[in-house]
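Residue numbers (our numbering): 11 to 373.
Where a beta carbon is used, it is the ideal one built from N, C-alpha and C, also for glycine.
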């Protein structure tokens, strides 16, 4: 057993002690408004520590502060009776106890805490008191728009929706020319572009359907994504795809049907106005219908070469800094001059194009 009493820098001593928590944390404090202490408890909850908190149910304890903790799985209880307990139990063996409320104002008061470590018998007395206090409390979930149970039901609803979706062979393109937004999610419209999304695997597919499901639901998607802390990654998007059949919004291709290896180990190069090589892109595979799947910065990109025109995935020639397909056709909107060529594995130039306003002139 080790016991230390602190009268200064109490917040820092509490955080240092909380840092040692591994699996269980019980906090009973009358007022808990210090966001630095809250942030530390949130970190522990995200790491898998089981967190239980009792606070006094009044206007000083702002319930909104506990939203992240609640949705991370912490149990927060509101005491209907005024209580002046100010203790926490860490892993059933360490106790922090004293006059210090977990508030900003307490940092400027004359306060104290006693930290007792490695004493299970001593800690057990505080654990029993915690559960005695909890009997007179209500859980905080009624304060928030969505309870943990309701979010779990939403997860199940999505799983049913996702399982009913057809599962094309990866990779494939998914057309979203007509994305449907519910009234509550209309504000999200500007964040999502219409076109063909390149779906490479199951994780990306599930993630993408997750977003689409809630955009068309009566649930506020942005809020739910924030509460559930679910990663939402937008796949690479193309405005159009030529040479493949669109079946119910899905463009599917397979290695067996479409790939040939006659142009393996070749490279596409970008040449700037000065004739200098800007970038080399290695081929990955060639489709039998003339499309190529290449690797650029570890990303799969679809390109197409015709006898009289070239389609490449390059930076769109305007102010935007995103990617999209551009075609070798005249377009008065753009006036940038580029040369694009094809190299063999030794770096010898096989084909050179003069690329000006989407009109190709052979040398």
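Three-state secondary structure assigned by DSSP to residue i
i           : result
residue 238 : helix
residue 92  : coil
residue 256 : strand
residue 21  : helix
residue 81  : helix
residue 227 : coil
residue 208 : strand
residue 202 : coil
residue 313 : Unreliable positioning characterises residue 313 in this predicted model, as indicated by a pLDDT of 46, which lies under 50. A coordinate reading is not provided.
residue 191 : coil
residue 246 : coil
residue 87  : strand
residue 71  : coil
residue 215 : helix
residue 76  : helix
residue 322 : With a pLDDT of only 39 at residue 322, under 50, the local geometry of the prediction cannot be trusted, and the value read off the model is given with reservation. Strand, per DSSP.
residue 33  : coil
residue 232 : helix
DSSP bridge partner residues for residue i (one or two, in chain order)
i           : result
residue 97  : 38 and 107
residue 122 : According to DSSP, which records beta bridges pairwise, residue 122 is partnered with nothing at all.
residue 13  : 126
residue 112 : 42
residue 134 : Note: residue 134 sits in no beta bridge, so no partner.
residue 262 : 182
Whole-number beta carbon distance between residue j and residue i, since they are thought to touch under 8 Å
i           : j           : result
residue 192 : residue 226 : 6 Å
residue 34  : residue 102 : 6 Å
residue 76  : residue 105 : Rounded, the Cβ-Cβ distance is 22 Å, inconsistent with contact.
residue 66  : residue 41  : 6 Å
residue 235 : residue 144 : With 8 Å as the limit, residue 235 and residue 144 do not qualify as a contact, their Cβ atoms being about 32 Å apart.
residue 153 : residue 73  : 5 Å
residue 207 : residue 260 : Not a contact, Cβ separation roughly 11 Å.
residue 180 : residue 210 : 6 Å
residue 91  : residue 146 : 6 Å
CA nearest to the CA of residue i, picked from the options
i           : options               : result
residue 79  : 101, 97 and 47        : 47
residue 140 : 166, 11, 100 and 164  : 100
residue 177 : 158, 201 and 219      : 219
residue 127 : 150, 64 and 98        : 98
residue 256 : 55, 184 and 210       : 184
residue 62  : 148, 69, 27 and 118   : 148
residue 155 : 71, 19, 169 and 238   : 238
residue 70  : 115, 53 and 215       : 115
residue 202 : 38, 161 and 186       : 186
residue 117 : 261, 24 and 28        : 24
residue 96  : 107, 151 and 90       : 107
residue 55  : 217, 214 and 28       : 28
residue 120 : 19, 246, 14 and 12    : 19
residue 12  : 110, 64 and 124       : 124
residue 59  : 230, 30 and 92        : 30
residue 89  : 170, 43 and 39        : 39
residue 246 : 164, 142, 204 and 135 : 204
residue 81  : 64, 21, 231 and 162   : 162
residue 216 : 175, 85 and 159       : 175
Ignoring anything shorter than 3 residues or poking outside the segment 147-188, list the beta strand (DSSP E) runs there in chain order. Complete beta strand (DSSP E) runs here, min 3: 147-149 and 182-185.
Minimum length 3: unbroken beta strand (DSSP E) runs contained in the segment 42-69: Fully enclosed beta strand (DSSP E) runs of 3 or longer: 60-66.
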